[in-house]
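In terms of the numbering used here, the sequence shown opens at residue 8 and continues consecutively. First up is the structure itself, then whatever we jot down about it.
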Amino acid sequence: LEQLTDGGLTANAAHVGDYFLARLRSALSGRDDVVEVRGQGLLIGVEFRTEAKPIVNNLLERGVIANATAGTVLRLVPPLVLSEGEVDEGIAALLEVLP
């Protein structure tokens with residue numbers, strides 16, 4: 008518990024989570040296939056108008072772990088030690104796999 012609170016993990020999750028959401032919203036804005044980008048901390052969901060499972064499979068091939076919930080929601084739950092650079096790599100991978 009000390010590591011979570013005193014070790015800076017929660018602060019990192021809040022900071023990098025805000026960065027992640029802002030970058031995702033910017034990268035996906037204006038896309039007709041995206042309904043919403045939502046999240047809190049490092050728990051992030053991207054709702055699409057189509058099934059998310061093919062996106063998940065393509066991300067896995069690029070080393071990005073994600074899953075699909077409710078059929079159309081791409082859920083991203085990275086580790087609390089995620090860095091801004093890793094966020095940028097993940098978003099680049101996501102943009103590569105989207106049609």
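Backbone N, C-alpha and C fix where the C-beta goes; we use that ideal spot for every residue, glycine too. On a predicted model such as this, the values are computed, not experimentally measured, just so you know.
When C-alpha distances from valine 80 are compared across Phe27, Arg45 and Ala18, the shortest belongs to Arg45. By the criterion of a C-beta distance shorter than 7 Å, leucine 66 is surrounded in its chain by Ala73, Ala100, Leu101 and Val104, once the five residues flanking it on both sides are discounted. The DSSP-derived three-state label of glycine 78 is coil.
Assignment of leucine 101 by DSSP, reduced to helix, strand and coil, places it in the helix class. Under DSSP, the beta-bridge partners assigned to glutamate 43 are Glu54. Contact annotation: aspartate 40 and phenylalanine 27 have beta-carbon atoms that are not nearer than 8 Å. In this structure, the CA atom of alanine 75 is about 31 Å from the CA atom of glycine 14. Counting of Cβ neighbours within 10 angstroms places leucine 50 among the exposed residues, the total staying below 16.
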